[in-house]
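Sequential numbering of the sequence shown, starting at 25, is according to our numbering. For each residue, glycine too, the CB sits at the ideal point set by N, CA and C. Just below is one structure, and these are the notes that go with it.
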Amino acid sequence: MFHSFTYGASWVLSKAGVAVVCLCTVTAAQAEPVEVIALGDSLTAGYGLIDQNGFVPKMRSYLAEQDLDVRLVNAGVSGDTTAGGLSRVEWSLSPSTDALIVALGGNDLLRGLDPSVSRANLEGILQIAEDKELEVLIVGMEAPGNYGPEYKAEFDAMYPELAEAYGAMYFPRFFEGLYSVGSTPAELRDVMQMDGIHPNAEGVDLIVEAMGPAVAELVKRAAE
């Protein structure tokens, strides 16, 4: 009788052990990092910089400092337009992707593309993200005045309007952090590379400092 009781107790403990193992397995699954895809152009890719000084590596460091468990994937391609982003967004995403940063449009501006075309491409990206139930942060760009006031107004407005239409988060300008230094090429010389288009390592620090809270909020929303 004593032996039977001992065996029974062992069996109960074994079952409890299995329960603990199962619980740990579930907890481990829930603890998977939030995967965020940063879809962009050379600004996202880190053009002209050593790897650790690029936008994505520095944003990873910022998020880690906020105690956020994130897998931030660099899907930046130098020279990419909104059309290029739309053409590759599907295969840039994975089944584990939780959120998307969309930072495109600068090369559309350099080519003087019709804002209605850029808008349609961005909307296509946002529609795909919506279909996949991804949280999205769309990062705006500002057109220069040399294309005329109508072009500028139409281009600048598409980012906040699309963000509102698709329930996405909106960050006004990729270069927002640089405006703490100045707004003219002369004032920004110390935070830009020699081409005057891409930020240097110090410039990336300012960009990440400004945009970081928005990306952190995106991660928190995706984790909910």
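Which listed residue (the options) has its alpha carbon closest to that of residue i
i: ASN224; options: GLU154, GLN76, VAL243 and THR208; result: GLN76
i: VAL205; options: TYR194, LEU186, VAL228 and ALA187; result: VAL228
i: ASN131; options: GLU166, PRO184 and ARG112; result: GLU166
i: GLY103; options: LEU63, ILE152 and GLU241; result: LEU63
i: ILE74; options: LEU134, GLN217, VAL239 and SER118; result: GLN217
i: ALA246; options: TYR203, MET193, GLY72 and GLU200; result: MET193
i: GLY169; options: GLU114, ASP180 and ALA123; result: ASP180
i: ASP93; options: LEU137, PHE195, LEU230 and VAL60; result: VAL60
i: ILE162; options: GLU248, LEU242, SER66 and GLY78; result: LEU242
i: ALA153; options: GLU185, SER140 and LEU117; result: LEU117
Residue i (DSSP reduced to helix, strand or coil)
i: LEU134; result: helix
i: ALA123; result: strand
i: PHE179; result: helix
i: TRP35; result: For TRP35, the pLDDT reaches just 35, beneath the cut-off of 50, and the residue's location in the model is therefore unreliable, leaving the point undetermined.
i: LEU63; result: strand
i: GLY83; result: Note that residue 83 corresponds to Met in the displayed sequence, not to Gly. Three-state result, MET83: helix.
i: VAL22; result: The question about residue 22 has no answer here: the residues shown for the chain are numbered 25 through 248.
i: ILE152; result: helix
i: PRO184; result: helix
i: THR105; result: coil
i: LEU117; result: coil
i: PRO57; result: coil
i: ALA189; result: helix
i: MET146; result: Note on residue identity: the sequence assigns Leu, not Met, to residue 146. The answer is helix: DSSP assigns LEU146 an H, G or I state.
i: ASP91; result: coil
i: ALA167; result: coil
i: ILE74; result: coil
i: GLU258; result: The shown model of the chain, from 25 to 248, leaves out residue 258, and the question about it has no answer.
CB-CB length for residue i against residue j, believed under 8 angstroms
i: THR106; j: GLY129; result: 6 angstroms
i: GLY164; j: ARG197; result: 5 angstroms
i: PRO57; j: ARG95; result: 5 angstroms
i: GLY201; j: LEU158; result: Contact flag wrong, Cβ pair sits at about 25 angstroms.
i: SER66; j: GLY109; result: Wrong, their Cβ atoms sit about 13 angstroms apart, outside the cutoff.
Where residue i falls, given that 16 or more other Cβ within 10 Å makes a residue buried
i: VAL232; result: buried
i: ARG279; result: No statement about residue 279 is possible, as the shown extent of the chain runs from 25 to 248 and does not include it.
i: GLY191; result: exposed
i: ASP155; result: exposed
i: VAL215; result: buried
i: MET83; result: buried
i: ALA210; result: exposed
i: VAL239; result: buried
i: GLU188; result: exposed
i: TYR86; result: buried
i: ASP219; result: exposed
Bridge partner(s) assigned by DSSP for residue i
i: ASN98; result: ALA62
i: ILE162; result: VAL126 and TYR194
i: PRO237; result: Answer is none; PRO237 lacks a bridge partner.
i: MET216; result: PRO223
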